[in-house]
Structures are given as C-alpha cells and as structure tokens.
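Peer 1: Line by line, the protein sequences give chains A and B.
Start counting the first sequence at 328; every next residue gets the next number (this note's numbering).
Start counting the second sequence at 328; every next residue gets the next number (this note's numbering).
The beta-carbon is built from N, C-alpha and C at its ideal position, and this holds for glycine as well.
First the structure, which I've put down as structure tokens, then a few questions once you've had a look.
Protein chains: 2
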Amino acid sequence: MPTNSCQEEDLLTRLELAKDWIRDAGNFLKENLTEPLEITEKTRYDDLVTNFDHEVQKMIVKNILHHFPSDKILAEEDNKKLSFDEQIPHLWILDPIDGTTNFIVQKDNFAIMIAYYEFGVGKFGLILNVTQDKLYWCDSHKAFCNQRELEPKFSPLRHSLLGVNSYMYRANVGGVLDLSRQTLGVRILGSAGISYGQLLEGKILGYFSNLQPWDYAAGSIIAEKLGYITLTLSGEKPKFDDREKVFTIPKMLLPEIQKYIKN
Amino acid sequence: MPTNSCQEEDLLTRLELAKDWIRDAGNFLKENLTEPLEITEKTRYDDLVTNFDHEVQKMIVKNILHHFPSDKILAEEDNKKLSFDEQIPHLWILDPIDGTTNFIVQKDNFAIMIAYYEFGVGKFGLILNVTQDKLYWCDSHKAFCNQRELEPKFSPLRHSLLGVNSYMYRANVGGVLDLSRQTLGVRILGSAGISYGQLLEGKILGYFSNLQPWDYAAGSIIAEKLGYITLTLSGEKPKFDDREKVFTIPKMLLPEIQKYIKN
Numbered sequence: 328m329p330t331n332s333c334q335e336e337d338l339l340t341r342l343e344l345a346k347d348w349i350r351d352a353g354n355f356l357k358e359n360l361t362e363p364l365e366i367t368e369k370t371r372y373d374d375l376v377t378n379f380d381h382e383v384q385k386m387i388v389k390n391i392l393h394h395f396p397s398d399k400i401l402a403e404e405d406n407k408k409l410s411f412d413e414q415i416p417h418l419w420i421l422d423p424i425d426g427t428t429n430f431i432v433q434k435d436n437f438a439i440m441i442a443y444y445e446f447g448v449g450k451f452g453l454i455l456n457v458t459q460d461k462l463y464w465c466d467s468h469k470a471f472c473n474q475r476e477l478e479p480k481f482s483p484l485r486h487s488l489l490g491v492n493s494y495m496y497r498a499n500v501g502g503v504l505d506l507s508r509q510t511l512g513v514r515i516l517g518s519a520g521i522s523y524g525q526l527l528e529g530k531i532l533g534y535f536s537n538l539q540p541w542d543y544a545a546g547s548i549i550a551e552k553l554g555y556i557t558l559t560l561s562g563e564k565p566k567f568d569d570r571e572k573v574f575t576i577p578k579m580l581l582p583e584i585q586k587y588i589k590n
Numbered sequence: 328m329p330t331n332s333c334q335e336e337d338l339l340t341r342l343e344l345a346k347d348w349i350r351d352a353g354n355f356l357k358e359n360l361t362e363p364l365e366i367t368e369k370t371r372y373d374d375l376v377t378n379f380d381h382e383v384q385k386m387i388v389k390n391i392l393h394h395f396p397s398d399k400i401l402a403e404e405d406n407k408k409l410s411f412d413e414q415i416p417h418l419w420i421l422d423p424i425d426g427t428t429n430f431i432v433q434k435d436n437f438a439i440m441i442a443y444y445e446f447g448v449g450k451f452g453l454i455l456n457v458t459q460d461k462l463y464w465c466d467s468h469k470a471f472c473n474q475r476e477l478e479p480k481f482s483p484l485r486h487s488l489l490g491v492n493s494y495m496y497r498a499n500v501g502g503v504l505d506l507s508r509q510t511l512g513v514r515i516l517g518s519a520g521i522s523y524g525q526l527l528e529g530k531i532l533g534y535f536s537n538l539q540p541w542d543y544a545a546g547s548i549i550a551e552k553l554g555y556i557t558l559t560l561s562g563e564k565p566k567f568d569d570r571e572k573v574f575t576i577p578k579m580l581l582p583e584i585q586k587y588i589k590n
C-alpha cells in the first residue's frame with residue numbers, strides 16, 4: 328500500500344516538525360519568563376492576552392507556512408478566524424498560550440497546544456506544559472508524555488477527581504456539581520492544557536469546561552487514543568465553531584456519567 | 328547576650344534537623360510512590376488515610392523524640408491529640424501527608440508539613456512539595472524555597488488569583504465567592520501545603536479554607552515572614568484546637584479584603 332505508507336510518512340514528518348516547533352516556542356517562553364509583559368484585555372477584564380501570545384502564534388504559524396504553504400490554520404489570536412471545515416485537507420489548530428492568566432500571574436501552569444486535522448479528522452495533538460517540560464502528544468495509535476507511553480487509568484467515580492470550570496461547578500451548569508458529588512472532589516487549574524495533561528496522566532478522571540476549539544482540539548485527539556471521548560453537554564461532537572460546554576471522560580463511563588450530566 | 332544567641336543556636340539546630348527529616352520522609356514517599364496503598368476511611372468516604380501517612384508520621388516523630396525526648400508533638404494521625412498550649416516550651420505540629428486524596432489518586436500535589444512552636448509562638452515552618460522537590464521554609468527572619476530567598480509579591484485583587492476550598496467557594500461561605508469576583512479567579516488544588524506553596528511564591532494572593540492546625544501551622548509561620556497574616560473568618564487568630572475556617576492574605580490588604588469577608 329504505497330499510498331497509505333506515503334500518507335503515514337507525511338503525517339510523521341508533520342508530527343516531528345510540530346514537536347520541534349512547540350519545544351522551540353516553549354523555550355522562548357521560558358527564556359522570557361521574567362520579561363515585562365504587554366497585557367491587553369480582550370472581551371473583559373479577566374480575558375487577557377499578552378505580547379507573548381501573539382509572538383508565539385507568529386513563530387508557529389511562520390513554521391507551518393514555511394513547510395506547508397497551502398495548509399490552513401485556525402489560531403486563537405487571529406482577529407478573523409478561519410472556519411473549521413471538513414473539506415480542508417490540512418488544518419492546524421493552535422493555542423499559543425493556554426492559561427494566559429496563569430502565565431501572567433503565576434509564570435506557571437500554562438501550555439502551548441497544537442492539533443492537526445485532515446478533512447475534519449484529528450490526526451495528532453500536542454500539549455506542552457511549559458514550566459514542567461512535559462510534552463503530551465500522540466501519533467495515530469498511541470499517546471505519550473515525553474518518551475513515556477501513557478496508559479489508560481480509569482477508576483470508579485467514587486475514587487476519582489474531576490477537573491472543572493469554576494462557574495460550571497459552582498452554578499451546577501450541566502449538572503457538573505451533581506456529578507462532582509459522586510467523586511472525591513474537584514480541581515480547578517485555570518488552563519485547559521494543564522487540565523488535559525492531568526487527565527492524560529490519570530490524575531483527574533474527567534474534565535468539564537466552557538471551551539473554544541483551540542482549547543479542546545489537541546487534548547481530545549490525544550485522549551481518544553487512551554479511550555476517552557469528548558462531547559458537548561447535549562452529548563454531541565463539538566462543532567469547532569465557537570465556545571461550547573464540553574467534557575472529556577473515559578468512553579466506558581459515559582452511560583454512568585450521563586446520568587448526572589444534562590444540557 | 329549569651330542566652331539569646333544560645334537560644335538562636337538551638338533553634339537553628341532544630342531547623343537543620345527538621346530539614347533533614349522532611350527530606351528523608353519525602354524521599355521515602357517518592358521511592359514508594361508505585362507501591363500498593365492500604366487506604367482507610369476516617370470520618371467519611373472522602374476523608375482518607377493511608378499506611379504511608381502513618382509511616383511518615385512514625386518516622387518524623389521518632390526523629391523528634393530521639394533528639395528532643397521531652398518535646399511535645401501534635402500530629403494529624405494521632406488518635407488522641409495533644410492540645411495546643413502556650414505553656415509548652417517545645418511543640419512540633421506535624422502533617423505527615425497533606426493532600427492525602429491527591430497522594431492516592433494523583434501520586435502528585437501532596438506535601439509534608441512541620442511547624443515548631445515555643446510557648447505558643449511559631450518559630451519556623453517547613454512545607455515539602457514532594458514531587459516537585461520544593462522545600463518552603465523559614466528561619467526567624469526570612470522565607471525560602473529551597474535555597475532561593477522568597478520576596479513578597481502582592482498585586483491588587485483585580486490582578487490576582489485566590490486559592491480556595493471548593494465548598495466555601497461555591498456556597499459563598501464567609502463571602503469567599505464575593506471576594507473571588509474582585510479577582511481574576513480561583514484555583515482549587517486539594518492540598519493546603521501545595522496552596523501555601525503557591526501563596527509563598529506569589530502565584531495566589533490569598534488562601535481560604537476549612538483547616539486543622541497541622542494544615543495551617545507551617546504555612547502561616549513561613550507566610551508571616553513575607554508580610555502575610557492568618558486569621559479566622561471572624562478576624563481572630565486561629566485557636567489551634569479544631570477545624571476552623573481560616574485565611575492567609577497579605578496583611579496590608581486586610582482592610583480591603585475584610586470588606587468582602589464575613590463570618
């Protein structure tokens with residue numbers, strides 16, 4: 328099957344390049360962690376962006392287009408955003424700094440995320456926990472944290488923790504508070520990328536938040552390799568066109584969890 | 328002043344010993360992180376203790392009594408607990424594993440904490456973030472993370488994050504939710520020790536939770552060196568005799584924060 332192996336090779340090339348780009352971007356942020364920031368409010372006082380979000384996005388976009396000039400890119404900090412479309416042969420989804428508030432306040436607990444799609448199908452994802460030097464990624468079959476292959480670690484709800492969005496938790500949006508009462512409790516980390524990292528390592532059983540496509544793209548692709556599923560509160564696949572309330576949980580626990588989750 | 332310098336020397340001896348003990352205990356936990364656990368419920372299904380909590384407590388208590396046979400110890404996993412008393416010349420307060428749920432579920436994000444009091448006055452504290460190898464400690468004057476001297480980093484509420492207890496946050500106990508609305512948001516980490524670590528590094532501005540003395544003893548002593556104050560919701564010093572709702576915040580922000588905090 329020369330065509331298939333050729334496609335597979337093309338995918339591996341892209342994956343290896345993306346690993347280099349994300350590591351370079353992470354090193355750039357680490358080297359500049361003590362530099363003064365230019366901070367701008369986007370939609371409101373707690374929705375912030377810095378010059379480094381723009382800088383990292385520029386670096387990675389430049390790398391993608393240098394190697395693959397006709398690829399399409401959906402990136403958080405573009406003013407006019409590309410629409411997700413299943414007709415696009417090569418689509419990258421990019422979050423240059425996920426957890427910008429943590430980046431600004433903590434200089435810690437933020438991530439860079441890259442996902443790659445062909446005709447609407449997620450092919451691989453990468454999440455770099457910058458300060459902990461942890462790169463979560465997958466190829467077509469397996470998921471890894473740096474060189475370590477990840478394995479599914481699903482415990483019963485009663486012996487597990489959930490990663491949640493603070494508002495959904497306290498206002499019981501979608502039944503998240505009800506569900507949390509079946510568990511050992513919740514963790515609120517302020518970054519989808521950092522939360523997906525905990526999920527992939529089995530430190531939280533599920534993650535519930537109100538997310539944009541670049542927040543869940545990489546995490547959902549990697550998590551799928553371990554048997555997780557990513558859905559909206561109404562039980563559908565996310566539409567990748569705007570902010571949606573989504574969750575990622577072990578697929579085998581979907582019937583049990585859906586007893587508590589409502590739209 | 329030969330007496331004073333003698334007291335100071337005695338304190339430094341104890342501090343250096345305590346650093347060794349806590350590091351040894353941390354290494355013991357790290358070496359056994361993949362061992363199977365014996366888990367027991369204490370008061371309810373989500374209040375857990377493991378054989379390693381008991382093991383670490385035994386190790387540290389043995390060390391204290393070996394060097395200082397007449398010192399008193401208030402430790403989390405004692406069935407019959409010593410009362411905190413300002414008449415006690417040498418009192419150690421010990422939490423062998425803080426964040427036991429994280430220890431069990433995550434094998435991460437837990438701490439060992441030791442505090443030392445003379446006649447009711449906190450002399451030094453130590454918090455070891457075990458998996459991150461970060462030892463927070465203080466002498467009589469200054470606070471450190473490993474060898475790095477810590478410096479106060481107080482931002483206005485509007486540019487800060489809070490560490491909170493999940494129930495106090497969602498039920499607005501003590502006005503914690505009201506206060507959080509003046510900030511960039513909350514973080515819920517599931518361990519007082521890990522939260523105090525973030526506070527000492529300036530990653531959260533304040534910490535609000537429902538704590539036992541061994542949860543806040545070390546953190547409050549170290550934080551005091553940086554200008555923080557630890558109070559109950561009613562604005563009093565914690566009594567060290569049972570679980571209380573306490574907070575640690577920069578002392579200079581007390582008047583502003585107390586506008587939102589109520590008992």
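#1: Counting only beta-carbon separations shorter than 8 angstroms, does residue 485/A have a partner in chain B?
#2: Specify the secondary structure class of residue 329/B as computed by DSSP and reduced to three states.
#3: Starting from the beta carbon of residue 538/B, find every residue of chain A whose beta carbon is closer than 9 angstroms, and list them in chain order.
#4: If the criterion is Cβ atoms closer than 8 angstroms, does the pair residue 531/B and residue 525/B meet it?
#5: Under a Cβ-count criterion, where at least 16 other Cβ atoms within 10 Å of its own Cβ denotes burial, should residue 384/B be classed as buried or exposed?
#6: Under 9 angstroms between beta-carbons, which chain A residues line up against residue 428/B? List them in chain order, please.
#7: How close, in whole Å, do the beta carbons of residue 601/A and residue 452/A come, if the pair is a contact with beta carbons under 8 angstroms?
#8: Could you check the C-alpha separation between residue 497/B and residue 505/B for me, to the nearest Å?
#9: According to the neighbour-count rule (16 or more other Cβ atoms, all chains shown, within 10 Å of its Cβ), is residue 433/B buried or exposed?
#10: Do residue 580/B and residue 481/B count as a contact pair if the criterion is CB distance below 8 angstroms?
#11: Can you tell me whether residue 584/B is buried or exposed, with buried defined as 16 or more other CB within 10 angstroms of its CB?
#12: Give the interface partners of residue 493/A over in chain B, defined as CB-CB distance under 7 angstroms, in chain order.
#13: Quick one: list the residues of chain A neighbouring residue 517/B, beta-carbon separation under 8 angstroms, in chain order.
#14: For residue 530/A, would you say it is in contact with chain B, using Cβ-to-Cβ distances shorter than 8 angstroms as the test?
#15: Give every residue of the same chain whose Cβ lies closer than 7 angstroms to the Cβ of residue 559/B, excluding the five residues on either side of it in the sequence, and list them in chain order.
#16: Of all Cβ atoms in chain B, is any one closer than 8 angstroms to the Cβ of residue 497/A?
#17: For residue 399/B, name the three-state secondary structure that DSSP assigns.
#18: I'd like to know whether the C-beta atoms of residue 594/A and residue 377/A end up nearer to each other than 8 angstroms.
#19: Going straight from the alpha carbon of residue 328/B to that of residue 335/B, what length do you get?
#20: Can you give the beta carbon distance from residue 519/A to residue 501/A, rounded, assuming they're within the 8 angstroms contact cut?
#21: I'd like the list of long-range same chain contacts for residue 390/B, defined as Cβ closer than 6 angstroms, with 5 residues on each side in sequence excluded.
#22: Beta-carbon of residue 505/A versus every beta-carbon of chain B: anything under 8 angstroms?
#23: Alpha carbon to alpha carbon, how far is residue 414/A from residue 445/A? Give it in angstroms, no decimals.
#24: Is residue 383/B close to chain A, meaning its C-beta is less than 8 angstroms from at least one C-beta of that chain?
Peer 2: Answer, in terms of the structure:
#1: yes
#2: Per-residue confidence for residue 329/B stands at a pLDDT of 49, beneath the threshold of 50, marking its modelled position as unreliable; the derived number appears in the next sentence. DSSP places residue 329/B in helix when its eight states are reduced to three.
#3: In chain order: nothing, as chain A lies at least about 15 angstroms away.
#4: yes
#5: Looking at its Cβ environment, which holds 16 or more other Cβ atoms inside 10 Å, residue 384/B is buried.
#6: By Cβ distance, chain A contributes 488, 511, 512.
#7: Since the first residue shown for chain A is 328 and the last is 590, residue 601/A is missing from the structure and cannot be characterised.
#8: 10 angstroms
#9: buried
#10: yes
#11: buried
#12: 512, 513
#13: Neighbours of residue 517/B on chain A, chain order: 488, 512, 514.
#14: Residue-level contact check: residue 530/A touches chain B, since one or more beta carbons of chain B fall below 8 angstroms from its beta carbon.
#15: Only 565, 571, 572, 573 meet the Cβ criterion.
#16: yes
#17: strand
#18: Only positions 328 to 590 of chain A appear in the structure, and residue 594/A is not among them; the question remains open.
#19: Reliability of the predicted coordinates at residue 328/B is poor, the pLDDT of 44 falling under 50, and no value is obtained from them.
#20: Their Cβ separation, rounded to whole angstroms, is 16 angstroms, which puts residue 519/A and residue 501/A out of contact at 8 angstroms.
#21: 348
#22: no
#23: 8 angstroms
#24: no
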